[in-house]
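A quick write-up on the structure given underneath.
Residue numbers (our numbering): 437 to 785.
See the structure below:
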């Protein structure tokens, strides 16, 4: 006869608490009779069985309470740990802003921090609310009362309420319009690319594909850049930006080269004019000397000297023609008649 585990626990006295089984077939009965009884099993009463089951149930209940307490403690510890991790990241406070882009930037930073810590959607809302300050904190205290009536506040609910306050739909539509009309204008390619990136997040539907994004950026470039890049038929945004930066740099270098050549040409022209003026002056002087040689008139005093040097140029005495004294001090004044110098030194008229 086969002995089941329950029968082993109950022992031979199991007939006292178990209902009688139906009679088996004669074949089975004969097979059971062939199996010797199990020896060495202690007798177990019904009271012992119930006492054992009660003890087992108590053990199971205590174990369940211990597991629940441990899980609850781990959950509480996890919440505290995640908040500590959040604070270690150095999240910025938000006290309100008149510029909607500042509010948008704060939300994006919060989501960046939440991406590296383990926290629930409710914890995200709680952590973000903790970083509100001054006017923003006053606003949240009023808003939270309304949201709590709907149940636990999630991060999605917090973000929607925050955007309604600091980044309303009217401002968002304005940003969409700015992106649609965006052109490079007086900006450099780098400045234009930064503005393009800032405004593009408000109109993702306009640049749904990589090619749409590349063409939108290309269409806003300055005409000379657009003409150079459009012939390349680029369909990747990063390639269009890179080519635009290269073309802009090449154009700046060409402009600098032309400016240097223009300055050199002006400098050479000034030197040429000076040489021309010197040449003209020299020719005029030569012409004067030639004219003097032709008519015999001195260019200094306008008189004729008959080949002798001009006393005004040499500083010689008009009386004797010697240097070192003037005519009033000339020792040969006695030879003059009526104040005129002697005949051999008299200037020809």
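Here a beta-carbon is modelled for each residue, glycine too, at the ideal position from N, C-alpha and C.
Q: Determine, using beta carbons only, whether residue 612 and residue 650 come nearer to each other than 7 angstroms.
A: no
Q. Hey, is the region 581-591 in contact with the region 558-572, meaning 3+ C-beta pairs nearer than 8 angstroms?
A. yes
Q: Report buried or exposed for residue 738, applying the criterion of at least 16 other Cβ atoms within 10 angstroms of its Cβ.
A: exposed
Q. By Cβ distance below 7 angstroms, which residues in the same chain neighbour residue 679 in space, the five residues on each side in sequence not counted?
A. 665, 668, 670
**Q.** residue 569 beta carbon less than 7 angstroms from that of residue 599
**A.** no
Q.
Taking only three categories from DSSP, how would you classify residue 549?
A. helix
Q: For residue 610, count neighbouring C-beta atoms within 10 Å of its own C-beta (all shown protein chains included) and say buried if the count is 16 or more, exposed if not.
A: exposed
Q | Cβ distance (whole Å) where residue 684 is taken to contact residue 625 below 8 angstroms | A | 5 angstroms
Q.
Out of 551, 536, 757, which one is the CA nearest neighbour of residue 527?
A. 551
Q) Do residue 656 and residue 614 come within 7 angstroms of each other at the CB atom, strictly closer than that value? A) no
Q. Between the beta-carbon of residue 644 and the beta-carbon of residue 602, is there less than 7 angstroms?
A. no
Q.
I need the straight-line Cα distance from residue 761 to residue 741, nearest angstrom please.
A. 20 angstroms
(Q) Please report the distance separating the alpha-carbon of residue 575 from that of residue 621. (A) 40 angstroms
Q) Below 7 angstroms between beta carbons: does that hold for residue 553 and residue 522? A) yes
Q: Kindly list the residues whose CB is nearer than 8 angstroms to the CB of residue 759, restricted to its own chain and excluding five residues on each side of it in sequence; keep chain order.
A: 750, 751, 752, 753
Q) Where do the N-terminal and C-terminal ends of the alpha helix (DSSP H) with residue 660 fall, by residue? A) 659-666
Q. Does DSSP classify residue 740 as helix, strand or coil?
A. strand
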